[in-house]
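Numbering (the numbering used here), first residue to last: -15 to 122.
Report on the following structure.
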């Protein structure tokens, strides 16, 4: 996964700049020579990732502070558990503790029937091809 290799280098450059105010990072995708940021940011840099693939989870476990975990289905709040487990296993390999941000969509209306109709309307407008493509990319 070249994009995660690229992103790993980018994250390292950003972490150098945030922590030290400068970077001399040399990699395959980035080459910094006395690159500086001024004023140096005072707040901690938090990196949030949404990778769901093995490569995405490995990246998150190595570099991110948080990783989004998505579930599937309707009224299945524990459906994200396999994804969260993949992140736990990736964390064990790095010795880090990247936190999951679990995303749930709540559709509320005056009645269950109205909420279900709202959900059906949302699903009818979904771009299934784009969703499938994103799922494959992780």
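We put the beta carbon where it would ideally sit given N, CA and C, even for glycine.
Around the C-beta of residue 35, 16 or more other C-beta atoms lie within 10 Å, and the residue is accordingly described as buried.
Of 115, 49 and -12, the smallest CA-CA separation from residue 29 is found for 49. Cβ neighbours of residue 80 within its own chain (closer than 8 Å, five residues either side excluded): 45 and 46. Between the segment 6 to 21 and the segment 56 to 65 there are fewer than three inter-stretch CB-CB distances shorter than 8 Å, so the stretches are not counted as touching.
When secondary structure is reduced to three states using DSSP, residue 77 falls in the helix class. Straight across, the Cα-Cα distance linking residue 101 with residue 41 is about 35 Å. With a threshold of 16 other beta carbon atoms within 10 Å, residue 74 meets it and is buried. Rounded to the nearest angstrom, the Cβ distance from residue 43 to residue -9 is 6 Å, consistent with a contact under 8 Å. Just so you know, the alpha carbons of residue 107 and residue 96 end up roughly 16 Å apart. Under the DSSP assignment, residue 44 falls outside any beta strand (DSSP E), being part of the alpha helix (DSSP H) whose first and last residues are 38 to 47. In terms of CA proximity to residue 18, 1 leads the group 26, 117, 11 and 1. By the Cβ-count criterion, residue 71 is buried, with 16 or more other Cβ atoms from all chains shown falling within 10 Å of its own Cβ.
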